[in-house]
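*Asks:* Here the protein sequences line up with chains A and B, keeping their order.
Anchor point for the first sequence: position 112 equals 112 in the working numbering, and the numbering is continuous, going up by one each time.
Anchor point for the second sequence: position 184 equals 184 in the working numbering, and the numbering is continuous, going up by one each time.
Every residue gets a Cβ at the ideal spot worked out from N, C-alpha and C, and that includes glycine.
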Amino acid sequence: MNPVSTISGTAIPWGQKNVDTDIIIPAAWLKTVSRDGLGKGAFESVRAVPGNIFDDPANTGAPILIAGDNFGCGSSREHAVWAISDLGIGAVIAPSFSDIFSGNAFKNGLLTVELPQVQIDRLMIAASAGAAITVDLENQVVTTEFQDRFAFDIDPFRKMCLMQGLDEIGLTLGEDRAIGDYEIACAQTQPWLVPGSGIVAA
Amino acid sequence: MSNPSTLYEKIWDAHAVTRRDDGTCLIFIDRHLVHEVTSPQAFAGLRAHGRSVRRPDLTLAVPDHNLPTTARVDADGAPIAIADAESAAQLAALEANVAAFGIPYIGATDARQGIVHVVGPEQGFTLPGLTMVCGDSHTSAHGALGALAFGIGTSEVEHVLATQSLWLSPSRTMEVRVDGELPAGVTAKDVILHIIGQIGTAGGTGHVIEFTGSTIMALSIEGRLTVSNMTIEAGARAGLIAPDDATFAYLKGRPMAPTGAAWDAAVDYWRTLPSDADATYDKSVHIDAAEIAPSVTWGTSPEDVVPITGVVPDPASFADPSKQAAAQKSLDYMGLTAGTRMVDVPIENVFIGSCTNSRIEDLRAAAAVLKGRKKAAGVKWAIVVPGSGLVKAQAEAEGLDRIFIDAGLEWREPGCSACLGMNPDKVPPGERCASTSNRNFVGRQGPGARTHLLSPAMAAAAAVTGRLTDVRELVG
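(1) Candidates B:Val191, B:Ile195, B:Thr187, B:Thr163: which alpha carbon is nearest Gly180 (chain A)'s?
(2) Mind checking who Asn349 (chain B) pairs with in its DSSP beta bridge?
(3) Using a Cβ-Cβ cut-off of 8 Å, state whether Leu148 (chain B) counts as contacting chain A.
(4) Taking the alpha helix (DSSP H) that Arg122 (chain A) falls in, what are its first and last residues?
(5) Looking at chain A, which residues of the segment 47–75 of chain B have a Cβ within less than 9 Å of any of its Cβ atoms?
(6) Sort B:Ser322, B:Gly415, B:Gly339 by Cα distance to Gly68 (chain A) and report the nearest one.
(7) Which residue marks the beginning of the alpha helix (DSSP H) containing Met217 (chain B), and which one marks its end?
(8) Give the C-beta separation of Ser358 (chain B) and Gly387 (chain B) to the nearest angstrom, bearing in mind that I take them to be a contact with Cβ-Cβ under 8 Å.
(9) In the DSSP output, which residue or residues are listed as bridge partners for Val477 (chain B)?
(10) Beta strand (DSSP E) containing Leu240 (chain B): first to last residue?
(11) Give a yes or no on contact between the segment 190–200 of chain B and the segment 292–309 of chain B, applying the rule of three or more CB pairs nearer than 8 Å.
(12) Assign Val37 (chain B) to one of three DSSP states: helix, strand, or coil.
(13) What is the residue span of the alpha helix (DSSP H) that Met174 (chain B) lies within?
(14) Using the beta-carbon of each residue, which ones in chain B are nearer than 9 Å to Glu168 (chain A)?
(15) Is the segment 152–161 of chain B close to the segment 37–50 of chain B, with three or more CB pairs under 8 Å?
(16) Pull up the CB-CB distance for Pro315 (chain B) and Gln328 (chain B), whole angstroms please, since I reckon it's below 8 Å.
(17) If contacts are defined as beta-carbon pairs under 8 Å, then Ile287 (chain B) and Ala234 (chain B) qualify, I think. What distance do you get, rounded to the angstrom?
(18) Provide the residue(s) that pair with Tyr269 (chain B) in DSSP beta bridges, ordered along the chain.
(19) Is Leu110 (chain A) near Ser76 (chain A), with beta carbons less than 8 Å apart?
(20) Bridge partners for His286 (chain B) per DSSP, in chain order?
(21) Measure the Cβ-Cβ separation of Ser417 (chain B) and Thr69 (chain B) and say whether it is below 8 Å.
(22) Excluding the 5 residues flanking Ile308 (chain B) on each side, which residues of the same chain have their C-beta closer than 6 Å to its C-beta?
(23) Answer yes or no: do Leu127 (chain B) and Ala147 (chain B) have a C-beta to C-beta separation smaller than 8 Å?
(24) Leaving out five residues on either side along the sequence, give the residues of the same chain with a beta carbon under 7 Å from the beta carbon of Leu7 (chain B).
(25) Can you tell me whether Gln445 (chain B) is buried or exposed, with buried defined as 16 or more other CB within 10 angstroms of its CB?
(26) Give a yes or no on whether the C-beta atoms belonging to Ala407 (chain B) and Leu370 (chain B) are separated by under 8 Å.
(27) Give me the Cα-Cα distance between Ala184 (chain B) and Arg472 (chain B), rounded to the nearest whole angstrom.
(28) Determine the contact status of Thr212 (chain B) and Arg177 (chain B), defining contact as a CB-CB distance below 8 Å.
(29) Using a Cβ-Cβ distance under 8 Å, would Thr172 (chain A) count as near chain B?
(30) Ignoring anything shorter than 3 residues, give me the beta strand (DSSP E) runs that lie fully in the segment 222–256 of chain B, in order along the chain.
(31) Compare the C-beta of Val194 (chain A) with all C-beta atoms of chain B and state if any pair is closer than 8 Å.
(32) Determine the closest residue to Pro63 (chain B) out of B:Asp30, B:Gly107, B:Trp298, B:Gly45, with distance taken between C-alpha atoms.
(33) In its own chain, which residues sit with a C-beta less than 8 Å from the C-beta of Glu361 (chain B), not counting the 5 before and 5 after it?
(34) So, helix, strand or coil for Arg467 (chain B), using DSSP?
(35) Please compile the residues from chain B whose C-beta is within a distance smaller than 9 Å of the C-beta of Ser34 (chain A).
(36) Just checking: is the beta-carbon of Arg359 (chain B) within a distance shorter than 8 Å of some beta-carbon in chain A?
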């Protein structure tokens, strides 16, 4: 994962609530074995409507998306994050995100910034006016050229991983001994944990 | 144990490998289900870093999302290739990956193949007290057996394959208690639709929901799986139901369940898992079973639930202005007008299946309504997709397949099918489907498809009349 620090530029003032993963990327696009190129299917049903917000020339290349409550609800498909990233979006700002979506976003360096609805309303106005918005991860603040300054929370561990572009699996493999000790202890205290041999390995 | 604990807290504490100062824990994962759609990029990641699968013995792969539900083998028993090139490539990738990494595999033509969330409990791969993950949000289903089970993304699939663990922050706890006897014609599906209608699709966000109360504990294991399955539609990543004698009776003798002394030791341990009487939850919701009616959705969110005796709501009736706008948009998409009685809504398609409602009990409930009846002329497409090959065989042994076929429904091979419109089973644009699945999102069952979520008995009733129907009229 590449390090992430600041995302700056125009923002797509969508504001839509309860955006589900089938809206972000319909299942027909999940038949891929790659992470790449999913922007083609991003928001397909929204973009099928002429004059939609994503294909508005004012929003072309915007690195920030502003949405409503409960963004990314529904399926666990990480394709939703890959599709948004493939559009060139580096941060989504919303009042709340589904738990699985925000976890997936973190693993791919897509920032999910939670701000209260009143601040989202303010950003929607700024973005609609074409103003630049900046998400500053290090200082945990969203700013606009109109001197708005909205602080946001982020888990310190996630922040560190994002800023350093850490390989989380590599980090966890550093806990190999602790995991091994846990496995040995379990094998003794809970011998039923390893499944029976009903299934033959392929 | 000194402090009173919930079922969730007991499982969490038993699986913490290491704990960071901020409360985040490295949680050991006891079971990992893998399917063809969300795993190829994870295996590619392992290869790119030269990593192996830490515990293939705790992993089980089954293809389900993408497989056609038409015949899998020809008259001579030879496998029939999947026509769609991308679907075939995804299945081939899974087969190559399980072979390369030594992962136990139930393949497309295996009699035990099915939807991962049906196969897991059926094989005894799912057990109480375990931590369990899959790259699929409906992994929440397995919580019905008292396992902490939740959906993960592909990066987490790769993480679990490599390390058999995940870094997690503890969730808040939420109790949804349902007490009392269910009225006639009301099923587990109606219970969970009613709950989601009450608490909303974000009602459980950040929480693990434990379903408690006499109504929940009186449900069969199949019914509990239906309830826990749709926990994710209430915003919670995992649902839990305390394991009890019904759970143990369901699991005993299943192929991957423990046997002999290990079984006895396991049951002793499982009996310690239910939440302590004086344990507390961060949030609690109480529901009276008597208030639950056969339910159906009218909109494009699983929280858009009304009793079948109700009407399409007026968007202006919602207090929240953004919900008003969303409701109007839903009605436009669904082609419905406020005030229309739900029983006057015609349907052209019926789907009985999905990880929510494709187990034997679901098929029996649908068949009980369809027996001796025919689907209505206006119903163009009606399919029954059993959750697994074993469910299919059981249904055929009971003659349920004949009831469906005689009624004019198609009897298919197991898989996810029209729940998510990924394989060829799709609802045409602008048409309605009475569906036993779990999501009525825009385009979920195919571009432009209009989904009404309901129970298997209600889906069968809709097939008979060609409109949404109160099943109590048919089976009174």
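*Replies:* This is what the structure holds:
(1) B:Thr163
(2) B:Trp381, B:Cys433
(3) no
(4) 117–128
(5) His49, Arg51, Arg54, Arg55, Pro56, Asp57, Leu58, Leu60, Ala61, His65, Asn66
(6) B:Ser322
(7) 214–218
(8) 3 Å
(9) Examination of residue 477 (chain B) is not possible in this model, given that chain B is present from 1 through 476 alone.
(10) 238–240
(11) yes
(12) coil
(13) No alpha helix (DSSP H) holds Met174 (chain B); the beta strand (DSSP E) holding it covers 172–179.
(14) Ser155, His159, Trp167
(15) yes
(16) 4 Å
(17) Not quite, the Cβ-Cβ distance comes to about 12 Å (not below 8 Å), so this is no contact.
(18) Partner(s): none; Tyr269 (chain B) has no beta bridge.
(19) no
(20) B:Arg177
(21) yes
(22) Pro294, Val296, Met342, Asp470
(23) yes
(24) Gly146, Glu210, Leu240, Ala242, Leu273, Pro274, Ser275
(25) buried
(26) yes
(27) 8 Å
(28) yes
(29) yes
(30) 238–240
(31) yes
(32) B:Gly107
(33) Ser220, Glu222, Gly223
(34) strand
(35) Pro40, Gln41, Ala44
(36) no
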